[in-house]
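What follows is a set of notes on a single structure, which appears directly below.
Protein chains: 4
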Amino acid sequence: MTGPVCANLGCDTGITGSRPAAPSTVPVATVGIVGGAGFTGALLAELLLRHPSVELTHMSSRQLAGESVRQHLPRVRTSLAFCHDAEVSDVDVAFVCAPHGQAAPVVKRLCDRGARVVDLSADFRLTAAEYAEWYGEHACPELLPGVYGLTELHREEIASATLVANPGCYPTAALLALAPLKRRGLLDVVVHATSGVSGAGKTPTGTTHFCSVDSDYVAYGLATHRHYPEIAAGLAPQNAPVVPFAADQSATAGPQLTFVPHLAPFQRGISETIYVRVGTLPPPTQQQLLDLYREFYDGERFVEIGHEPPKLRDVVGTNFCRIYPHLDARTGRIVVISVLDNLMKGASGQAVQNMNVMLGLPEHEGLI
Amino acid sequence: MTGPVCANLGCDTGITGSRPAAPSTVPVATVGIVGGAGFTGALLAELLLRHPSVELTHMSSRQLAGESVRQHLPRVRTSLAFCHDAEVSDVDVAFVCAPHGQAAPVVKRLCDRGARVVDLSADFRLTAAEYAEWYGEHACPELLPGVYGLTELHREEIASATLVANPGCYPTAALLALAPLKRRGLLDVVVHATSGVSGAGKTPTGTTHFCSVDSDYVAYGLATHRHYPEIAAGLAPQNAPVVPFAADQSATAGPQLTFVPHLAPFQRGISETIYVRVGTLPPPTQQQLLDLYREFYDGERFVEIGHEPPKLRDVVGTNFCRIYPHLDARTGRIVVISVLDNLMKGASGQAVQNMNVMLGLPEHEGLI
Amino acid sequence: MTGPVCANLGCDTGITGSRPAAPSTVPVATVGIVGGAGFTGALLAELLLRHPSVELTHMSSRQLAGESVRQHLPRVRTSLAFCHDAEVSDVDVAFVCAPHGQAAPVVKRLCDRGARVVDLSADFRLTAAEYAEWYGEHACPELLPGVYGLTELHREEIASATLVANPGCYPTAALLALAPLKRRGLLDVVVHATSGVSGAGKTPTGTTHFCSVDSDYVAYGLATHRHYPEIAAGLAPQNAPVVPFAADQSATAGPQLTFVPHLAPFQRGISETIYVRVGTLPPPTQQQLLDLYREFYDGERFVEIGHEPPKLRDVVGTNFCRIYPHLDARTGRIVVISVLDNLMKGASGQAVQNMNVMLGLPEHEGLI
Amino acid sequence: MTGPVCANLGCDTGITGSRPAAPSTVPVATVGIVGGAGFTGALLAELLLRHPSVELTHMSSRQLAGESVRQHLPRVRTSLAFCHDAEVSDVDVAFVCAPHGQAAPVVKRLCDRGARVVDLSADFRLTAAEYAEWYGEHACPELLPGVYGLTELHREEIASATLVANPGCYPTAALLALAPLKRRGLLDVVVHATSGVSGAGKTPTGTTHFCSVDSDYVAYGLATHRHYPEIAAGLAPQNAPVVPFAADQSATAGPQLTFVPHLAPFQRGISETIYVRVGTLPPPTQQQLLDLYREFYDGERFVEIGHEPPKLRDVVGTNFCRIYPHLDARTGRIVVISVLDNLMKGASGQAVQNMNVMLGLPEHEGLI
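Chains as they are written, first to last, in our numbering: chain A, 1 to 368; chain B, 369 to 736; chain C, 737 to 1104; chain D, 1105 to 1472.
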């Protein structure tokens, strides 16, 4: 961690200090939420109401405008009423929790009015070409690309960004897990991902019916999940050449990537078990592998490298991502397990983390 | 148990015999299901396909007519396709799994064509007056009332019935639990009921969303649940006068009944804890209470009296109801706990049990 | 709320303010935990590490003394190691999370050394006579009774207490739910309680095996649960005479109380549905009932009166208790539903709330 | 399917026939269970009590000898009492559900007395050398190897076997999923496996505590799970040479196999997502892949090839294994998903299936 944000974080890297940083006594910024009635919006509101340095002044919902927030979201203990989207204005930072496609014009309006925006949709994560292939034509291509808001990997750009594209939940877990291996040359990557049901959103469907999810475990979107291009883009070697996996693979395209998400019977959390072959031989030892990860994330508060497979219960409700890299000695394959709370580090928590970076606040302020 | 059915059951009352009764080698009846795509219809189909003495020839669905049953219901391993409701005809016994209100005209048509009907809706469980109060005007009042299909309590009428009103899941558990106490004079009854989510049906709603049910426990329908009049009717003293509970209660109306259903995070099963004050003093001892229940249900295959609080896992997937009566010595109150599988003894299993009685088959044939 | 604590809370009773109170910049007290490896101890540590005005200096465990806290409890992000029980000393406030019987001598030692103690065991909740009946002889009867730490009902005594007996989880939910009705004369009370599995503690047993709990719902301890006398004591009329329920009941003993706990398949949370008959006729209307509760708890941050049955998800992870009183118009019975997080308001959260009162801090500091 | 068993099954391969085969009216064999108090033993008893052609005469338990089976296992509705292990004798077929190591001498005694044995432990699945490496010295190496009881792949040997080694749950799902691809040359195989908690057995441990499993998903045994050698042995190419994956791999050893089991919050079921590279290029099309699987398992009752990812709810409580093969077109990798009920097809159900084959009964008799 370098740059101006680091100065603020300097005293917090030791783990003795879960104690909150001494906050400013007066809010330094006003914030608003567009689309506050869904899972991510409601959790954002909880976090922002407890945040010592910002004031939540607006929270919109297309369905519920005019109604009491607290009546619909009992955990959001506020006296605010939901407003209309267009009323979220004149805030220092706006969080946009609209569905993809709907988010882009909202973001544009907010940027035009001078707000800094953290967009939690997929609308600003991809290039125009990728977006067109996976989602269709983009409404505001002139704003592309947003700064990709994977905090640990793009902290400096985020600090000065006007528009931050908050990453998807699956990509956050995958890219944090694989970043330390990129310099080794990623050849072949299987991301086996398991998500809780909140990842599917609040709208009732056959898929989210309790009797469809409970006591089951099912793969979905094998060829079509829209987090695929986001992960692929994050793994692209850019400057570093990779050794091709097989003769019929072009040498420049990044690893052979397979991504299979699964739905599991819990509410919150993502667990990814990632099977990797790297290009540099011989494979590292288990100790070298652990050292590699620990060095890479040294000083990072929200990324923990464990010495055994992590559990969701260690991260759910927090902004932490826990990673365990394991060498499969029989095959030389590396197995990396990465867990996080899809609504926290995978969405609203990382959004607050990004806001903190944008405002020059301690990066963990208001976060657990 | 008396009458012709008993003869068939004679050798099965010993618990050594979970062995299936020797079935007829040729189906003795054809059966059909109206409304086969929901939870109760699908489970009925599973049961009927395994039943050695009947042949499932028709299975209708308004939404899915013309489509393969098995594609939509992988557990229903049949080559049938869904037909239209009106095509379910020329069967010896028809099961109607339509919603209340929609069921009545279907039942009438089937009766008119000479089928015997087991209706799993609420349409034939109440008197016309009660129905009007809780559901609205009845479409076919001339068919009221059906024979109330609580098998253990109405076996003889069921044997000769044309139209059996299969009981609701909550009333089945409550009425089996309280029947042995009725002769004591029920004064005051609180039915605290807990149901799995399948009781709410297959349609996705905010209530059945996994993230609404999981890790929670919530009361609903405190004043309005439509199983209230069905339970109240079953508890009415009829010929036996009861001692009034309080001065302001009319002496003839049956017990003071409170019924509060709750939704719990599991798929199948109902557990009722019933708090009762009876009129005859002094209260029985614990041993007298157990003896009372064991005698009352002596010889019944599907009602088990336990010596400790029963678990859902002892009955889910089966047609059994397990009951534990307990004397609360400090207060003289009786606490009766009753559990069953809401889709089996509470719906489809009891429907098959009733069909067996109607056809003169061994009562447990095709049931676990 | 009156007294010195109230002054601090004055500006926080409006619900706009989930914002943390401005904390002192320097810890005002040192705190320690005896028995930190169980569910309540670990959660206490999480809360105290985030608390802005205290410093957690000691955390003991008989099994794990000398080992890293964080290795065994990954959510407790501290650099502390577990110490021996006897090393928890020289702290301003000590929390004792030992099992009943083991707690008493630990508490005595701490009190002798001048610490103020919040004891989370059952050792100081009852009179010596009650304790002897339900638990056996008390090791330190000279310390009985502790101040009963149901914060909302005993705030002033807690503020000056040396030894606070933190209430049990079931009694907290029941007594908060029934306190507003006591002046009406409680005649007959059935507490139907449902708890998550964390209430059974961390030790693996046949009862807490996943395959025993999942998809089930089971009553236990019908006659023997040790929270019975704690609830009964809290409901005793003391000065207010009650109308006897029945001729064979002595008029002075408090209500006819039945308490039946049940275990449900979730980790955290207690839901109680309480069926009550009060002595004063006629029963209140629904609106009068709501008004009665709202007035009784006016100004209380952590007790919420809802207008519909509460859900566990509205309180789990927080220190809130939500209560919904309902008039069952058919019978005149009052049904009160009360939910809380058994590890928070039912244990560790209320312990921190009590500590805040004892130290003159804002009552909600460090709590959500 | 060929041979004498096929004749019996001739009329059952069409899916119209879930109807039970007409059973013999008299039991053709007596059967016993050694180790009947665990999950697999109890389920075996349920299945055998309902089986029309066998009579369960003995059920032993070291802990519970002399006590009523039904009292401890309420679902096993029998009047048998548990006997001692040594009393299971003079049965035609014995099922041994003892832990590995303990099973071998029990099996030997039974074989010496002339019983045919289905052993559900791991004691007879491996060669002596493999067993020594993973478990230690074998007590009865002279009996090695048993006939490997993966019914669909070894039916003829099972029919005449004296000792059948019933496969492990993970290997059953994996080997059925990969058998059709073996002739293509398996190069690289990742078995990502997810199991319900019943796979961990009935003994309470920290791992099986509800609060450890619920709402979580965790990898375990990454390098050490004892089902690894069983899967590896089943994938060994034997006669077919494979193309080596990489220069440093010896050409004869079978595929590069990584096996990572995970524990998920449900009771029953295994789901495996298997990532495969095969040696023959080019990869098949999706249609060719489906055709390959459908042809391979044509006529098999208990293996279903689906056209979308299967759900556990389609197989739990049944003896079916459902498999979905998918071509990942971007990489040429094949993804095979395989689900079954670990206690049924993964243990007790397959044991009954094997018994049926051994006795010349219809292979699905007594099974759903």
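Note that the Cβ used here is the ideal one computed from N, Cα and C, for glycine as well.
1. Residues of the segment 672-688 of chain B with a CB closer than 9 Å to any CB of chain D: list them in chain order, please.
2. Go ahead and pull the three-state DSSP assignment for Ile1104/C.
3. Using C-beta distances below 6 Å, list every residue in its chain close to Leu448/B, excluding the 5 sequence neighbours before and after it, in chain order.
4. For the beta strand (DSSP E) that contains Arg1381/D, what are its first and last residues?
5. Starting from the Cα of Leu1095/C, find the closest Cα among Gly771/C, His787/C and Gly772/C and give me that residue.
6. For Ala1133/D, report the span of its beta strand (DSSP E) as first-last.
7. Using a Cβ cut-off of 7 Å, pull out every chain B residue sitting near Arg1069/C, in sequence order please.
8. Taking the alpha carbon of Val1138/D as the reference point, which residue from Gly1403/D, Val1211/D and Pro1271/D has its own alpha carbon closest?
9. Check the Cβ of Ile368/A against every Cβ in chain C and list those closer than 8 Å, keeping chain order.
10. Out of curiosity, what's the CA-to-CA distance linking Gly713/C and Ala697/B?
11. Give the range of the alpha helix (DSSP H) segment to which Phe407/B is assigned.
12. Who pairs with Arg1437/D in a beta bridge, going by DSSP?
13. Would the beta-carbon of Gly1253/D fall within 9 Å of that of Ala1232/D?
14. For the segment 943-957 of chain C, which residues have a CB atom closer than 9 Å to at least one CB atom of chain D, in sequence order?
15. Taking Phe775/C as the reference, give the member of Leu899/C, Thr939/C and Ala915/C with the closest Cα.
16. Against Val197/A, what residues of chain B qualify as contacts under a CB-to-CB distance less than 9 Å, listed in chain order?
17. Can you list the beta strand (DSSP E) stretches of 3 or more residues lying completely in the segment 1392-1430 of chain D, in chain order?
18. Just reading off the beta strand (DSSP E) that Leu163/A is part of, what are its end residues?
19. May I ask you to report which of helix, strand or coil DSSP gives His998/C?
20. Under three-state DSSP, which class holds Cys819/C?
21. Give me the Cβ distance between Leu1431/D and Pro1387/D, rounded to the nearest whole Å; I'm assuming they're in contact under 8 Å.
22. I want to see whether chain C comes within less than 9 Å of Thr1255/D, judged by CB atoms only; does it?
23. Excluding the 5 residues flanking Ser566/B on each side, which residues of the same chain have their C-beta closer than 8 Å to its C-beta?
24. Run the CB neighbour count on Arg662/B, radius 10 Å, all protein chains shown included, and call it buried at 16 or more, exposed below.
25. When the cut-off is 9 Å and only beta carbons count, does Tyr1379/D lie next to chain A?
26. Name the chain B residues that come within less than 8 Å of Thr205/A, Cβ to Cβ?
27. Cys905/C and His963/C: beta carbons closer than 9 Å?
28. Entirely within the segment 150-218 of chain A and at least 3 residues each: give me those beta strand (DSSP E) ranges in chain order.
29. Ignoring anything shorter than 3 residues or poking outside the segment 89-150 of chain A, list the beta strand (DSSP E) runs there in chain order.
30. Quick one: what's got a C-beta closer than 8 Å to Glu498/B's C-beta in the same chain, skipping five residues either side?
31. Counting along the chain, where does the alpha helix (DSSP H) carrying Met1462/D start and finish?
32. Ignore the nearest five residues each way along the sequence and tell me which others in Val1346/D's own chain have a CB closer than 6 Å to its CB.
33. Taking the C-alpha atoms as reference points, what is the distance between Asp480/B and Gly404/B?
34. So for Val437/B, helix, strand or coil by DSSP?
35. Which residue or residues does DSSP assign as beta-bridge partners of Gln1390/D?
36. Quick check: the Cα distance between Thr641/B and Ala561/B, rounded to an integer number of angstroms?
According to the structure shown:
1. Correct list: Glu672, Gly674, His675, Pro678, Lys679, Arg681, Asp682, Val683, Gly685, Thr686 and Phe688.
2. On the third sequence, position 368 is the one that residue 1104/C refers to. It is coil, neither helix nor strand.
3. Against the second sequence, residue 448/B aligns to sequence position 80. The residues are Met427 and Val437.
4. Counted from its first residue, the fourth sequence places residue 1381/D at position 277. That run of the beta strand (DSSP E) goes Ile1374 to Val1382.
5. As a first step, residue 1095/C is located in the third sequence; it is residue number 359 there, counting from the start. Nearest of Gly771/C, His787/C and Gly772/C to Leu1095/C, Cα basis: His787/C.
6. Your numbering for residue 1133/D matches position 29 in the fourth sequence. Per DSSP, the continuous beta strand (DSSP E) segment holding Ala1133/D begins and ends at Ala1133 to Val1138.
7. The residue given as residue 1069/C occupies position 333 in the third sequence. Simply Thr626.
8. Position 34 of the fourth sequence holds residue 1138/D. Sorting Gly1403/D, Val1211/D and Pro1271/D by C-alpha distance to the C-alpha of Val1138/D places Val1211/D at the top.
9. Walking along the first sequence from the start, residue 368/A turns up at place 368. Within 8 Å Cβ-Cβ: Arg786.
10. With chain C covering only 737 through 1104, there is no way to say anything about residue 713/C.
11. Numbered from its first residue, the second sequence carries residue 407/B at position 39. Its alpha helix (DSSP H) spans residues Phe407 to Arg418.
12. If you number the fourth sequence from 1, residue 1437/D lands on position 333. In the DSSP output, where bridge partners are listed per residue, Arg1437/D has Asp1432/D.
13. What you label residue 1253/D is simply residue 149 of the fourth sequence in a count that begins at 1. What you label residue 1232/D is simply residue 128 of the fourth sequence in a count that begins at 1. No. Outside cutoff.
14. The segment 943-957 of chain C vs chain D, Cβ under 9 Å: Thr943, Thr944, His945, Phe946, Cys947, Ser948, Val949, Asp950 and Ser951.
15. Your numbering for residue 775/C matches position 39 in the third sequence. Minimum Cα distance to Phe775/C is reached at Thr939/C.
16. Working through the first sequence from its first residue, we reach residue 197/A at position 197. Within chain B, the residues near Val197/A are His577, Phe578, Cys579 and Asp582.
17. 1407-1409
18. Here residue 163/A refers to the residue found at position 163 when the first sequence is read from its first residue. First-last of the beta strand (DSSP E) with Leu163/A: Leu163 to Ala165.
19. For this step, residue 998/C is matched to residue 262 along the third sequence. His998/C falls in the strand class under three-state DSSP.
20. Translated into positions along the third sequence, residue 819/C becomes position 83. Three-state result, Cys819/C: strand.
21. Position 327 of the fourth sequence, counted from the first residue, corresponds to residue 1431/D. Position 283 of the fourth sequence, counted from the first residue, corresponds to residue 1387/D. About 6 Å; that satisfies the 8 Å criterion.
22. As a first step, residue 1255/D is located in the fourth sequence; it is residue number 151 there, counting from the start. Not an interface residue.
23. Walking along the second sequence from the start, residue 566/B turns up at place 198. Closer than 8 Å at the Cβ level, and outside the excluded window around Ser566/B, lie Phe407, Gln635, Arg636, Asn710 and Leu711.
24. Taking the second sequence and counting its residues from 1, the one referred to as residue 662/B is at position 294. Answer is exposed; the Cβ neighbour count stays below 16.
25. To locate residue 1379/D, count along the fourth sequence from 1; it is residue 275. Output row for Tyr1379/D: interface = yes.
26. As a working mapping, residue 205/A is identified with position 205 in the first sequence. Going along chain B in sequence order, the residues near Thr205/A (Cβ under 8 Å) are Pro572.
27. Within the third sequence, numbered from 1, the residue matching residue 905/C stands at position 169. Within the third sequence, numbered from 1, the residue matching residue 963/C stands at position 227. Yes; because the gap between Cβ atoms is below 9 Å, this pair is in contact.
28. 163-165 and 186-195
29. 93-96 and 116-119
30. Within the second sequence, residue 498/B is the residue found at index 130, counting from 1. Answer for Glu498/B: Pro597 and Ala601, listed in chain order.
31. Locating residue 1462/D in the fourth sequence gives position 358, counting from the first residue. Here the alpha helix (DSSP H) through Met1462/D covers Gly1453 to Leu1463.
32. Within the fourth sequence, the letter at position 242 stands for residue 1346/D. Note on Val1346/D: pLDDT 35, under 50, position unreliable in the model; the coordinate value appears next. Answer for Val1346/D: Gly1289 and Gly1383, listed in chain order.
33. Translated into positions along the second sequence, residue 480/B becomes position 112. Translated into positions along the second sequence, residue 404/B becomes position 36. Each residue's Cα considered, the two are about 21 Å apart.
34. Residue mapping note: residue 437/B aligns to position 69 of the second sequence, counting from 1. Of the three classes helix, strand and coil, the one that applies to Val437/B here is helix, per DSSP.
35. Looking up residue 1390/D in the fourth sequence gives position 286. BP columns for Gln1390/D are empty, so no partner.
36. Taking the first residue of the second sequence as position 1, residue 641/B is located at position 273. Taking the first residue of the second sequence as position 1, residue 561/B is located at position 193. Each residue's alpha carbon lies about 6 Å from the other.
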